[in-house]
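Chains as they are written, first to last, in my numbering: chain V, 1 to 166; chain Y, 1001 to 1191. Take a look at the structure below.
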Amino acid sequence: MSLLKNKMGNAATAGDATDSMLNPMPDPILDPMPDPMLNPISDPMLGHALTHFRQSVHAWSEAAASRPRKAVRVSVHRSWRLATGWALGCVLAAGSLASGIYEHHHRQVVARLAAQAEAAREQQLAAQRARESDEDLLATVDSDVSRAVPAAMEPLAQLMDGDDNQ
Amino acid sequence: MAAGTAVKPMTAETADEIAAQEFVRVVEAHRPQIFRFLLASTRDMDLSETLTQECFLKAHRNWRHFRGDSSAMTWLMRIAINLQKDHWRNRRMQFWRHARTNAVDLDEASEWLPSGERTVEQQMLARERVKQVWKAVEGLSERQRTVFLLRYVEEQELSEIAQATGLSEGTVKAHLSRAVGKVRTELGGKR
């Protein structure tokens, strides 16, 4: 009820003319149209209702225009922005640090694997080299042994060939 | 040779200054009407203030292009109507925000009455009538509501309404007739 009184008080101080409400004279704004549907003067109740409506809207508008505004604390938004900026900065810093560490670790692993592969290859080569040297030695021994057959045995060998032919 | 006074050509800075002063006068003169129209259209004080600000911001940006074919009020009202249309169109797209509207209800809107009524009965009757008109206005189409408010709240002529809405006078009359008919029906009168 107090709210209503207050509102009505504001409306009264708004200076809107209220004569038409006290004195139901035709409103000039409602007069000029000849169309009975558009001319509410032909219906006094409608005319009064529209007059009240107009005055009500005017009063409300004036009261709304002069109402006290809420002060918004900008610092809240600023602190939020600051916090958001810091959070984003921290995330970026942590991300770049993590990516650096990961890259370093990745390189170490790759280098270790490469070293292992190289060692295995060298080991394989060494084994191959050792095997080849054994084979060479055996071949040398074989050739030496074959050369050591006495020449005196040659004619006998030829005879044996002749027997086989006969 | 006649010794006449030399007329100095107006500099760009001077022209800008004059235009700015003119615009300030236009804002001071028409801001209440624009705000009132938007308030009646939306029943939302914060939204009305925002749209009014946007309206004058847009007008300021285009002030150089205003040729004066219509009155400044009509031009501003046209901008306000377009802003309001854009707002409702965007609102329809963002359907999940419907619940967050700050529009006051009909009871609160109809509590605002000039204190011209002498008796409590007259006050109650006036409030009831205003509420019924609000109810009828709520049921009008967007165009009918705009035309109705421009006519019966802003007290504009049909030609001005036609210019502000971009409709012909005949169309304005037709919308107005339908709107008044609905208000009459809501008030319980004959149709």
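In this text, a Cβ means the ideal position worked out from N, Cα and C, and glycines have one as well.
Check	Outcome
Going along the chain, which residues of its own chain have a beta-carbon closer than 8 Å to the beta-carbon of Y:GLU1111, five neighbours each way excluded?	ARG1127
Would you list, in chain order, the members of the stretch 61–91 of chain V that have their beta-carbon closer than 8 Å to a beta-carbon of chain Y?	SER61, GLU62, ALA63, ALA64, ALA65, ARG67
I need the straight-line Cα distance from V:ARG121 to V:GLN108, nearest angstrom please.	20 Å
Please report the straight-line C-alpha distance between Y:ILE1034 and Y:VAL1027, rounded to a whole angstrom.	10 Å
Span of the alpha helix (DSSP H) holding Y:THR1011?	First-last for Y:THR1011: undefined, no H or E at that position.
Quick check on the burial criterion: 16 or more other C-beta atoms within 10 angstroms. Buried or exposed for Y:ARG1025?	exposed
Looking at the C-beta of V:ALA59, does it have a partner C-beta in chain Y at a distance below 8 Å?	yes
Can you find at least 3 beta carbon pairs, one from the stretch 1167–1185 of chain Y and one from the stretch 1058–1071 of chain Y, that sit closer than 8 Å?	no
If we ignore side chains and look at the alpha-carbon of each, how far apart do Y:THR1042 and Y:GLN1122 end up?	28 Å
Which residue's Cα is closest to the Cα of Y:ARG1091: Y:LEU1047, Y:ALA1040, Y:ALA1164, Y:LEU1140?	Y:LEU1047
Output the boundary residues of the alpha helix (DSSP H) element that contains Y:VAL1130.	1120–1138
Looking only at C-alpha atoms, which of Y:TRP1088, Y:VAL1147, Y:ALA1072, Y:TRP1063 sits nearest to Y:VAL1172?	Y:VAL1147
So which of Y:ALA1109, Y:LEU1158, Y:PHE1056 has the shortest CA-CA distance to Y:ASN1082?	Y:PHE1056
In chain order, what residues of the stretch 1031–1045 of chain Y put their CB closer than 7 Å to some CB of chain V?	PRO1032, PHE1035, ARG1036, LEU1039, ALA1040, MET1045
Would you say V:ARG112 faces chain Y, with C-beta separation under 8 Å as the test?	no
Which residue's Cα is closest to the Cα of Y:ARG1061: Y:GLY1166, Y:ASP1105, Y:LYS1131, Y:PHE1023?	Y:PHE1023
For V:GLY85, which residues in the same chain have their Cβ closer than 7 Å to its Cβ, ignoring the five residues on either side in sequence?	none
Is Y:GLN1021 close to chain V, meaning its C-beta is less than 8 Å from at least one C-beta of that chain?	no
In the DSSP assignment, find the unbroken alpha helix (DSSP H) run with Y:GLU1108 in it and report its ends.	1106–1109
Can you tell me whether V:TRP60 is buried or exposed, with buried defined as 16 or more other CB within 10 angstroms of its CB?	buried
If V:PHE53 and Y:VAL1130 are in contact, beta carbons under 8 Å, what's the gap, nearest whole angstrom?	5 Å
List the residues of chain Y that V:SER56 touches, going by C-beta distances under 7 Å, in chain order.	SER1110, TRP1112, LEU1113, VAL1130
Leaving out five residues before and five after Y:ARG1143 in sequence, what residues of the same chain have Cβ atoms less than 7 Å from its Cβ?	HIS1175
Rounding to the nearest angstrom, what Cα-Cα distance links V:ALA127 and V:VAL91 in this structure?	53 Å
Name the residue from Y:ILE1161, Y:LEU1051, Y:SER1141 whose alpha carbon lies nearest to the alpha carbon of Y:HIS1087.	Y:LEU1051
Quick one, are the C-beta atoms of Y:GLU1160 and Y:THR1074 less than 8 Å apart?	yes
So does Y:ILE1018 have its beta carbon nearer than 7 Å to some heavy atom of the ligand MN?	With respect to the ligand MN, the structure offers nothing, as it holds no ligand at all.
Hey, does V:PRO26 have any beta-carbon neighbour from chain Y nearer than 8 Å?	Only weak support exists for where V:PRO26 lies, its pLDDT of 44 falling under 50; the coordinates are left without a value.
So is V:LEU97 in contact with chain Y if we call contact Cβ pairs under 8 Å?	no
Give the straight-line distance between the Cα atoms of V:LEU159 and V:LEU137, rounded to the nearest whole angstrom.	34 Å
Going along the chain, which unbroken runs of the alpha helix (DSSP H) with 4 or more residues stay wholly within the stretch 1149–1186 of chain Y?	1158–1165, 1169–1186
Let's see if you can read the secondary structure: which residues bound the alpha helix (DSSP H) around Y:LEU1047?	1045–1061
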